[in-house]
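**Q**
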Amino acid sequence: MERILRWKGWLLPFFSLALLLGCSANDEVEGEADTEGELVEATAEEERELEPVPVAANVERFQHSEPDMLMRAEPGMYHGDQYDEEIVLDALKAAVEEGIEGEELFYVLLDLVAEDYRKYQDYFDQVEITRLDVTDRPGEMELDVEEGEARIPQANVQVLFDSSRSMTGTVDGAVKMELAKEAVEDFLAQMPDNTHVSLRVYGHKGDNTAEGYAESCAGTELMYPFSPFEEDAFLEALDQFAPTGFTPIAASIEAAKEDLLAAGGEQIESIIYIVSDGEETCEGDPVQAARELHESEINAVVNIIGFDVANEEQEALMEIAEAGGGEYFSADSANQLKEILRQRRNELISEWREWQNENLSESRVRQQEIVGESRELQMEMTELTRTEQERMVTLSRQLEDELDMNMLQLRNAANSRALALRNYMTSTSLQIRNEAVSTGLSERNEVLQEGLNERHKLYRGEE
Numbered sequence: 210m211e212r213i214l215r216w217k218g219w220l221l222p223f224f225s226l227a228l229l230l231g232c233s234a235n236d237e238v239e240g241e242a243d244t245e246g247e248l249v250e251a252t253a254e255e256e257r258e259l260e261p262v263p264v265a266a267n268v269e270r271f272q273h274s275e276p277d278m279l280m281r282a283e284p285g286m287y288h289g290d291q292y293d294e295e296i297v298l299d300a301l302k303a304a305v306e307e308g309i310e311g312e313e314l315f316y317v318l319l320d321l322v323a324e325d326y327r328k329y330q331d332y333f334d335q336v337e338i339t340r341l342d343v344t345d346r347p348g349e350m351e352l353d354v355e356e357g358e359a360r361i362p363q364a365n366v367q368v369l370f371d372s373s374r375s376m377t378g379t380v381d382g383a384v385k386m387e388l389a390k391e392a393v394e395d396f397l398a399q400m401p402d403n404t405h406v407s408l409r410v411y412g413h414k415g416d417n418t419a420e421g422y423a424e425s426c427a428g429t430e431l432m433y434p435f436s437p438f439e440e441d442a443f444l445e446a447l448d449q450f451a452p453t454g455f456t457p458i459a460a461s462i463e464a465a466k467e468d469l470l471a472a473g474g475e476q477i478e479s480i481i482y483i484v485s486d487g488e489e490t491c492e493g494d495p496v497q498a499a500r501e502l503h504e505s506e507i508n509a510v511v512n513i514i515g516f517d518v519a520n521e522e523q524e525a526l527m528e529i530a531e532a533g534g535g536e537y538f539s540a541d542s543a544n545q546l547k548e549i550l551r552q553r554r555n556e557l558i559s560e561w562r563e564w565q566n567e568n569l570s571e572s573r574v575r576q577q578e579i580v581g582e583s584r585e586l587q588m589e590m591t592e593l594t595r596t597e598q599e600r601m602v603t604l605s606r607q608l609e610d611e612l613d614m615n616m617l618q619l620r621n622a623a624n625s626r627a628l629a630l631r632n633y634m635t636s637t638s639l640q641i642r643n644e645a646v647s648t649g650l651s652e653r654n655e656v657l658q659e660g661l662n663e664r665h666k667l668y669r670g671e672e
């Protein structure tokens with residue numbers, strides 16, 4: 210090392226002179242009558258006035274056996290486009306004349322022509338194969354929850370069930386109340402995971418006489434609080450009421466708002482389905498109630514399913530749905546009622562299929578980007594090592610020719626370095642690609658399985 214430092218000190222005037230001569234060759238010299246001796250004297254005087262300029266950093270940065278450390282090293286003075294074979298060869302000859310040889314000479318060579326691999330090592334250090342951040346699932350809004358923490362329901366779906374006296378009527382030879390109960394039970398049973406369902410009934414108190422009016426219009430009751438669907442508990446809730454009184458739709462919507470607030474949670478999608486065979490009969494304002502619920506912080510959507518509704522009453526129910534940001538569906542038979550609810554499931558099936566395809570596509574794109582980038586950078590790195598290797602081998606042969614010395618050790622060191630760097634670049638790049646492919650396959654399998662499972666659940670509800 211001491212000899213290398215000595216060589217650098219001796220080489221400073223050489224490089225200063227080279228720089229000076231390079232500049233003066235392009236300058237115009239005034240006074241063509243000046244003699245050659247005067248020019249030499251002036252040049253020598255200018256050289257003495259120049260401050261010494263460091264030729265390169267110390268060579269310790271190349272004294273590593275780990276390829277990643279070699280790639281982190283600063284490049285040589287004449288790497289890349291700065292390479293000047295004549296200057297580098299002269300510097301090497303000067304080093305040899307100073308007695309520098311073997312491994313030390315190889316470090317001097319690297320100090321002059323080693324290429325810059327730092328950006329590629331930065332890529333290796335920083336590349337991260339993250340798992341796909343799937344988009345919001347159908348019927349839910351994704352929440353940030355800590356790992357291991359119980360998931361909060363992503364959607365709250367509540368049915369407001371009409372139990373007024375008119376539901377004792379028949380459709381297709383069966384009681385409307387029983388047909389509606391069956392359809393609602395089947396519908397809620399097929400809700401996606403992470404959905405909490407609820408059932409609130411109205412019109413089941415008092416009776417449809419003047420004496421029972423007040424009790425009936427105040428009669429809205431939560432029969433199944435927000436929770437995951439449990440078949441036995443839900444069927445038991447359906448058995449707790451029968452068609453009796455009037456139709457307090459507005460009071461039920463106002464009570465539904467309290468139910469949703471009590472259910473709690475942030476960024477939860479809230480959906481109301483009102484199943485009714487008629488309009489408001491308790492002097493409430495369901496349109497205003499629906500609008501307030503929809504425009505509140507809950508931002509619930511209010512849908513109306515009109516079951517066997519008289520033509521003159523349908524417009525009133527449509528206004529409620531419009532004010533609540535939802536839709537009105539008309540069912541004149543048991544089959545139509547089931548079909549409406551089936552269509553809602555079909556829409557959800559389509560949404561799950563779109564969700565699945567969207568996330569499968571996103572996963573493939575992310576994988577291809579990482580694999581493509583890794584391959585491109587590997588090709589760049591490999592080409593750079595070949596350029597460096599060819600330059601060093603060529604320089605060693607020129608030293609042999611001009612100094613009549615054996616430089617096989619220098620060539621072997623250059624070849625070994627190039628091979629070690631390329632092996633490291635290839636294996637690390639391949640590891641990145643393999644991890645990207647493995648992660649992509651895993652996450653796509655999970656998305657595919659989840660999409661299939663949810664669609665199968667919904668299809669089973671149609672049987």
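Residue numbers (this note's numbering): 210 to 672. All C-beta atoms, glycine included, are put in the ideal place defined by N, C-alpha and C.
1. Kindly indicate which residue of Arg-626, Ile-514, Glu-563 and Glu-567 has the alpha-carbon position closest to the one of Val-393.
2. Based on the DSSP secondary-structure assignment, which residues constitute the bridge partners of Asp-371?
3. Which same chain residues, not among the five before or five after Glu-589, have their C-beta less than 7 Å away from its C-beta?
4. Could you pull out every residue in the same chain whose Cβ sits closer than 6 Å to the Cβ of Ala-472, ignoring the five residues on either side in sequence?
5. Tell me the DSSP bridge mates of Ala-364?
6. For Gln-640, is the beta carbon positioned less than 6 Å from some heavy atom of the ligand SAM?
7. With C-beta atoms as the reference, is Glu-536 less than 7 Å away from Asn-512?
8. Taking the alpha-carbon positions, what's the Phe-370 to Glu-391 distance?
9. Excluding the five sequence neighbours on either side, which residues of its own chain have a C-beta within less than 7 Å of the C-beta of Val-380, listed in chain order?
10. Looking only at C-alpha atoms, which of Gln-587, Leu-301 and Met-278 sits nearest to Thr-635?
11. Taking the alpha carbon of Ala-622 as the point to measure from, which residue in Thr-418, Ala-509 and Glu-313 has its own alpha carbon closest?
12. Going straight from the alpha carbon of Met-278 to that of Leu-630, what length do you get?
13. Let me know the secondary structure DSSP gives Pro-495 once reduced to three states.
14. Determine, using beta-carbon pairs with one atom in the segment 459-467 and one in the segment 492-500, whether at least three such pairs fall under 8 Å.
15. Mind checking Glu-572: buried by the 16 CB within 10 Å criterion, or exposed?
16. Helix, strand or coil for Glu-489, going by three-state DSSP, please let me know.
17. Below 8 Å, how does it come out for the segment 638-653 and the segment 573-580: are there three or more Cβ pairs, yes or no?
18. Do you know offhand how far Leu-550's Cα is from Thr-453's?
19. Whether or not the segment 268-288 and the segment 320-330 are in contact is what I'm after, with contact meaning three or more pairs of Cβ atoms, one per stretch, closer than 8 Å; do they touch?
20. Note down, in chain order, each residue of its chain lying with its Cβ closer than 7 Å to the Cβ of Arg-600, except the 5 sequence neighbours on either side.
21. Bridge partners for Thr-429 per DSSP, in chain order?
22. Would you call the CB atoms of Glu-488 and Ala-530 closer than 7 Å?
23. Mind checking which residues open and close the beta strand (DSSP E) that includes Phe-516?
24. From Ile-483 to Val-368, what does the alpha carbon distance come to, in whole angstroms?
25. Please confirm whether Val-410 and Ser-372 have their CB atoms less than 7 Å apart.
26. Start and end of the alpha helix (DSSP H) containing Glu-679?
27. Do you know offhand how far Gly-289's Cα is from Gln-598's?
28. Beta-carbon within less than 8 Å of Glu-283's beta-carbon, same chain only, minus the 5 sequence neighbours each way: which residues are those?
29. Quick check on the DSSP output: the alpha helix (DSSP H) that includes Tyr-287 runs from which residue to which?
30. Can you find the residues in the same chain that come closer than 7 Å, C-beta to C-beta, to Glu-440, ignoring five residues on each side of it along the sequence?
31. Alpha helix (DSSP H) containing Ser-461: first to last residue?
32. Is the CB-CB distance between Leu-341 and Glu-560 below 7 Å?
33. Looking at the unbroken alpha helix (DSSP H) that takes in Tyr-162, where does it start and where does it end?
34. Pick from Thr-429, Ala-300 and Ile-641: whose alpha carbon is nearest that of Ile-458?
35. Buried or exposed, going by whether 16 or more other CB atoms sit within 10 Å of the CB of Val-354?
36. Could you tell me if Arg-606 is buried or exposed, where buried requires 16 or more neighbouring beta carbons within 10 angstroms of its beta carbon?
**A** The structure says:
1. Ile-514
2. Tyr-411
3. none
4. Asn-365 and Phe-435
5. Thr-404 and Glu-478
6. By its list of ligands, the structure shown contains no ligand whatsoever, and the ligand SAM lies outside what it can speak to.
7. yes
8. 12 Å
9. Leu-388, Asp-517, Ser-542 and Ala-543
10. Gln-587
11. Glu-313
12. 10 Å
13. helix
14. yes
15. According to the sequence provided, residue 572 is Ser. The question's Glu does not apply to it. Flag for Ser-572 reads buried.
16. coil
17. yes
18. 25 Å
19. yes
20. Tyr-292 and Val-322
21. Tyr-411
22. no
23. 510-516
24. 6 Å
25. yes
26. This structure does not reach residue 679, given that the chain is present from 210 up to 672, and the question cannot be answered.
27. 12 Å
28. Ala-266, Arg-270, Asp-325 and Arg-327
29. Premise fails: Tyr-287 is in no alpha helix (DSSP H) and is neither H nor E.
30. Ala-398
31. 458-472
32. no
33. Since the first residue of the chain shown is 210 and the last is 672, residue 162 is not available in this structure.
34. Thr-429
35. Bear in mind that a pLDDT of 39 at Val-354, under 50, signals an unreliable position, so the number given afterwards is only what the model happens to contain. It is exposed - the Cβ of Val-354 has fewer than 16 other Cβ atoms within 10 Å.
36. exposed
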